[in-house]
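Protein chains: 2
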Amino acid sequence: MQRYFTITQLTQEFDITTRTLRFYEAQGLVTPQRRGRQRLYTPGDRTRIKLILRGKRLGFSLAEINEMVGMYGSAPGEIGQLRLLMDKIQARRDELLEKQRDIELTLLELDDVEAGAKSRMVELVSSGVSEGV
Amino acid sequence: MQRYFTITQLTQEFDITTRTLRFYEAQGLVTPQRRGRQRLYTPGDRTRIKLILRGKRLGFSLAEINEMVGMYGSAPGEIGQLRLLMDKIQARRDELLEKQRDIELTLLELDDVEAGAKSRMVELVSSGVSEGV
DNA sequence: AGACGTGTTGACTTTAACGTAAAAAGAAGA
DNA sequence: TCTTCTTTTTACGTTAAAGTCAACACGTCT
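Below is the structure:
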């Protein structure tokens, strides 16, 4: 059983560069163990990286992602901190819901554009031009 | 009836700076008319700006946004161009659908984190600490 | 005419998120 | 052991998307 991943294994799996992974480490987003100088990534690290990349796809900055990922392991022992955490959760949720609406709207508009393109296509074809497949 | 918007009206409405709007113009994303040196934004320009900002919220680059917004007005007169357009539309749609899935997953994880925080809160409270509202 | 507010242009600066290159250190196979 | 490959560290470069600052141009209110 392979307990650790090397840096290049992960770069290949996620199609990123070593520079990127080391940069994320410098930002405190992942903290792989070391065997000598070499980095060893655990499955947990791998999961964090997945989360980071998902955050990136959604347009969050690394700073925001850092905060979000930081929520996962944390079980703040104090009530005030817990309230703060829940506030942050709600804020993120609101953002995500807004993004959802934005996506819906964009998809609808894409449908419109496509419909226009299709009808335009029909026009062109029926106007007598013979076109191959 | 107010046919045009000034630059500051729009910056206030969308909470951006004049620098941003002029930058978008330099990138060819909007092309307001001029009265002398002054920029005059039409309702159409305003709509474009809305689209741009929506794209930004979804994490698209200005270059990508430029391409997307460019799709709207275009009715390419040639079949090959139309096919290309439809391909681009499909590519964007795929991206958006992926973002949707990413959002769903993230929302689910936020639910988990919140549930954990809540139960942790109950523990703390029931362990005898008297806390105000 | 003078002052004020708003707008414009141009130039330089900044920040995030990496890219790229150089030099050295281990690891692994012939 | 020699070579080859991967990895690491350090440092400088780059790109996108603005921020900041200076100087100048209008319109208008007094």
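Residue numbers (the working numbering), protein chains in the order written: chain A, 176 to 308; chain B, 176 to 308.
Glycine is no exception: its CB is placed at the ideal position from the N, C-alpha and C atoms.
This one's a predicted model, so the numbers in the text were calculated from it and none came from an experiment.
Nearest-angstrom Cβ-Cβ length linking residue i and residue j, presumed shorter than 8 Å
i: A:R268; j: B:L285; result: 6 Å
i: A:D277; j: B:R229; result: 5 Å
i: B:V205; j: B:D190; result: 17 Å between Cβ atoms; not a contact.
i: B:M296; j: A:L257; result: 5 Å
Per-residue DSSP class, three states only, for residue i
i: B:F235; result: coil
i: B:Y216; result: strand
i: A:A250; result: coil
i: A:T192; result: coil
i: B:G203; result: coil
i: B:S302; result: coil
i: A:V308; result: Residue placement at A:V308 is flagged as unreliable, the pLDDT there being 45, under the threshold of 50; the coordinate-derived value follows with that caveat. A:V308 falls in the coil class under three-state DSSP.
Delimiting residues of the beta strand (DSSP E) encompassing residue i
i: A:Q208; result: Q208 to R210
Any non-hydrogen atom of the ligand ATP closer than 7 Å to residue i Cβ
i: A:G230; result: You won't find the ligand ATP in this model; it holds no ligand whatsoever.
Continuous alpha helix (DSSP H) stretch holding residue i: start and end
i: B:F180; result: That residue, B:F180, is in no alpha helix (DSSP H); it is neither H nor E in DSSP.
Neighbour flag for residue i against chain A, beta carbons, 8 Å
i: B:I254; result: yes
i: B:V297; result: no
i: B:E188; result: no
i: B:A266; result: no
i: B:G291; result: yes
i: B:L257; result: yes
i: B:L260; result: yes
Proximity test, Cβ basis, 8 Å: residue i and chain B
i: A:A238; result: no
i: A:D277; result: yes
i: A:L271; result: yes
i: A:V288; result: yes
i: A:T281; result: yes
i: A:Y247; result: yes
i: A:L204; result: no
i: A:A250; result: yes
Practice problem: Report the residues of the segment 214-237 of chain B with a CB closer than 9 Å to any CB of chain A, ordered along the chain. | Solution: L226, R229, G230, K231, R232, L233, G234 and F235
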